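**Q** Here the sequence shown stands for residues 31 to 180, where the numbers follow our numbering.
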Amino acid sequence: MTLDTIGGAGGAWLIAALALGIAELLIPGVFAIFLAAAAAVVGAVVLVVPDLPLPAQIAAFAVWSVIAVLVGRRWYRDFPVSSSDPKLNDRAARLIGEIVLVDVAIGEAGGRVRIGDGSWPARGPHAAVGDRVRIVAVDGGMVTVEQAGD
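(1) Buried or exposed for Q177, please, with buried defined as at least 16 other CB atoms from any protein chain shown within 10 angstroms of its CB.
(2) Just grab the DSSP bridge partners of L131 for me.
(3) Taking only three categories from DSSP, how would you classify P80?
(4) Can you say whether G141 is buried or exposed, counting buried as having 16 or more other CB atoms within 10 angstroms of its CB?
(5) For D133, which of L125, A157, A122 and D115 has the nearest alpha-carbon?
(6) When we look at the beta-carbon of F91 and count the other beta-carbons within 10 Å, is it buried (16 or more) or exposed?
(7) What does S149 pair with, by DSSP beta-bridge criteria?
(8) Look up E176 in the DSSP assignment and give the residues it is bridged to.
(9) Who are the near neighbours of E128 in its chain, counting only those whose CB is closer than 6 Å to its CB and skipping five residues on each side?
(10) What's the call for W23, buried or exposed, on a 16-neighbour Cβ count within 10 Å?
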């Protein structure tokens, strides 16, 4: 198979666009699709202007790649992808509202609470060992709690 049977250099750019589009499906993240769009634009231009020199094609691909990435970044900033679980990778946000048990009595100097299989430093109103408290904030590795009041 020669370049002429697939549309010359324009066909090669379109095949590159297809390969990058497939790579987008296989590689995590969202980046290859922008390069695929740039390759498709260059492929379409080269089909219309087949005598376009290779350095001009590469330069056009570079320019269109930058344009596609900038447009894509702007798009994702203005129209973020919604998630069914927006706190999925935000452990601190997931902890807020959880009811936990006091491990070490909470006093003026703080105390500790049991979260999962670990014991975390905590501050808040006085609470005895075994009391149920609700996490209201997380600051680094320190949780702020209040009486659960259930």
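In this text, a Cβ means the ideal position worked out from N, Cα and C, and glycines have one as well. Please read all numbers here as calculations on a predicted model, not as lab measurements.
**A** Walking through what the data contain:
(1) exposed
(2) R144 and R162
(3) Of the three classes helix, strand and coil, the one that applies to P80 here is coil, per DSSP.
(4) With 16 or more other Cβ atoms within 10 Å, it is buried.
(5) A157
(6) buried
(7) R144
(8) Secondary-structure assignment with DSSP links E176 through a beta bridge to R164.
(9) I165
(10) Residue 23 lies beyond the range of the chain shown here (31 to 180); nothing can be said about it.
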